[in-house]
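*Asks:* Residue numbers for the sequence shown follow the numbering used here, so the first one is 224 and each next one is one higher.
Cβ atoms here follow ideal geometry from the backbone N, Cα and C, with glycine treated the same way.
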Amino acid sequence: MEPTLVPENVLDPDILAAPDWNVHCAFDYRLLDWKQGKKATTIYQLTYDAEIPDVEKVLHISVLGVSPWATKSRISTILKDGKDRDYYLKTAVGDLGRASIIGEFESMKAIQKVTPEFIAPPIAQGSMKDKPDCHFYLGQYLPIIDELVEPAFFCEQIAMLHRNSVSPNRKYGFHTVTFNGDLPQKNDYSDNWESFFTAGFRHMLDINTSRAGPSEELDALLPIFFEKVIPRLLRPLEGNIKPSLVHGDLWYGNAGVNTLEDKAVIFDPGCFYAHNEYELGNWRPERFA
Numbered sequence: 224m225e226p227t228l229v230p231e232n233v234l235d236p237d238i239l240a241a242p243d244w245n246v247h248c249a250f251d252y253r254l255l256d257w258k259q260g261k262k263a264t265t266i267y268q269l270t271y272d273a274e275i276p277d278v279e280k281v282l283h284i285s286v287l288g289v290s291p292w293a294t295k296s297r298i299s300t301i302l303k304d305g306k307d308r309d310y311y312l313k314t315a316v317g318d319l320g321r322a323s324i325i326g327e328f329e330s331m332k333a334i335q336k337v338t339p340e341f342i343a344p345p346i347a348q349g350s351m352k353d354k355p356d357c358h359f360y361l362g363q364y365l366p367i368i369d370e371l372v373e374p375a376f377f378c379e380q381i382a383m384l385h386r387n388s389v390s391p392n393r394k395y396g397f398h399t400v401t402f403n404g405d406l407p408q409k410n411d412y413s414d415n416w417e418s419f420f421t422a423g424f425r426h427m428l429d430i431n432t433s434r435a436g437p438s439e440e441l442d443a444l445l446p447i448f449f450e451k452v453i454p455r456l457l458r459p460l461e462g463n464i465k466p467s468l469v470h471g472d473l474w475y476g477n478a479g480v481n482t483l484e485d486k487a488v489i490f491d492p493g494c495f496y497a498h499n500e501y502e503l504g505n506w507r508p509e510r511f512a
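#1: For GLN363, count the other beta carbons within 10 Å of its own beta carbon; 16 or more makes it buried, fewer makes it exposed. Which is it?
#2: For ARG425, tell me which candidate among LEU503, SER290, PRO446 and PHE402 has the shortest Cα-Cα distance.
#3: Should SER323 go down as buried or exposed, given a rule of 16 or more other Cβ atoms within 10 Å for buried?
#4: Tell me the start and end of each unbroken beta strand (DSSP E) in the segment 306 to 339 that is at least 3 residues and wholly inside, in chain order.
#5: What are the start and end residues of the alpha helix (DSSP H) that includes HIS426?
#6: Can you list, in chain order, the residues of its chain with a C-beta nearer than 6 Å to that of GLU327? Leave out the 5 residues immediately preceding and following it.
#7: Identify, in the order they occur along the chain, each residue of the same chain with its Cβ nearer than 7 Å to the Cβ of GLU373, setting aside the five sequence neighbours on each side.
#8: If contact is defined by three or more beta carbon pairs under 8 Å, each pair taking one atom from either stretch, is the segment 341 to 355 in contact with the segment 448 to 458?
#9: For the alpha helix (DSSP H) that contains GLU439, what are its first and last residues?
#10: Could you name the residues that DSSP lists as bridge partners for PHE495?
#11: Taking ILE367 as the reference, give the member of ASN477, LYS303 and GLU502 with the closest Cα.
#12: What span of residues does the beta strand (DSSP E) with ARG297 cover, start to end?
#13: Find the nearest neighbour of VAL289 within the set HIS498, ASP277, ALA315 and PHE449, judged by alpha-carbon distance.
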């Protein structure tokens, strides 16, 4: 299929999909170029295998939004029993895109094991059949509105996630790379929180240098930060904490209200096992009125 240009003023198109979902789902889909970081203006035909036997027909796919590294969509279907059901689809391209999709899928599965009411259940992840460089995450769709969550349920679920999760090897880290936005996190397992945090911080500094160039002012501060600040703050905690599963990028923009149940949900995780208080840092700045 030849690419078709999308008019500049088309911000949220409905995209018709093929009905034979049980064999494959072939649809025209707007892509985003991960490397360029630009909004796509090209539609490609993509096909991927999807094992969802209850779906009778795909009605349409609506683009929910785009970022410099991913595209999010809603797939509206009719089940064999005649009921409607919607699915959530996220796509990303390239090696970074594939790693981010795998990281999100594994993160959502880990959260689901501990706090299943707190997320939209994940279903599958993989690569598009007709365009293998495009990778997808498929999950249950929930109607989520961008509102401040009700504190009691939200805090209860966060506490449950931190308290009841168990690192499989009792170490800090995660079994795969996860992402904070478009930043791959260093999740290599470590026996203690100080060493894990230090390695992760150095990793982010390396990414910053590769993207923005060196900073003499920052470099002058780093020795005392790594030699004095981190050990004095984190070393006394050893022995009094356990590795807890954290969302990893928990801020206002990655939480919302599921209107079906009027309950808080979280999404776009970049999980790893950490000190549970790591989770709270993004909530402290007064960035929202």
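*Replies:* So, from the data block:
#1: Counting Cβ neighbours within 10 Å, GLN363 comes out exposed, since fewer than 16 surround it.
#2: Looking at LEU503, SER290, PRO446 and PHE402, the one whose alpha-carbon comes closest to that of ARG425 is PRO446.
#3: Buried, because 16 or more other Cβ atoms sit within 10 Å of the Cβ of SER323.
#4: As far as the segment 306 to 339 is concerned, its whole beta strand (DSSP E) runs of at least 3 residues are 307 to 316.
#5: First-last of the alpha helix (DSSP H) with HIS426: 416 to 435.
#6: Result list for GLU327: TYR360, in chain order.
#7: Excluding five sequence positions before and after GLU373, the CB atoms of its chain that fall closer than 7 Å to its own CB belong to ALA487, given in chain order.
#8: Per the Cβ contact rule, the segment 448 to 458 is not in contact with the segment 341 to 355 (fewer than 3 Cβ pairs under 8 Å).
#9: Run containing GLU439: 439 to 447, per the alpha helix (DSSP H) assignment.
#10: DSSP lists VAL469 as partners of PHE495.
#11: Of ASN477, LYS303 and GLU502, the residue nearest in Cα terms is ASN477.
#12: Judged by DSSP secondary structure, ARG297 falls within the beta strand (DSSP E) whose first and last residues are 294 to 302.
#13: For VAL289, the nearest C-alpha among the options comes from ALA315.
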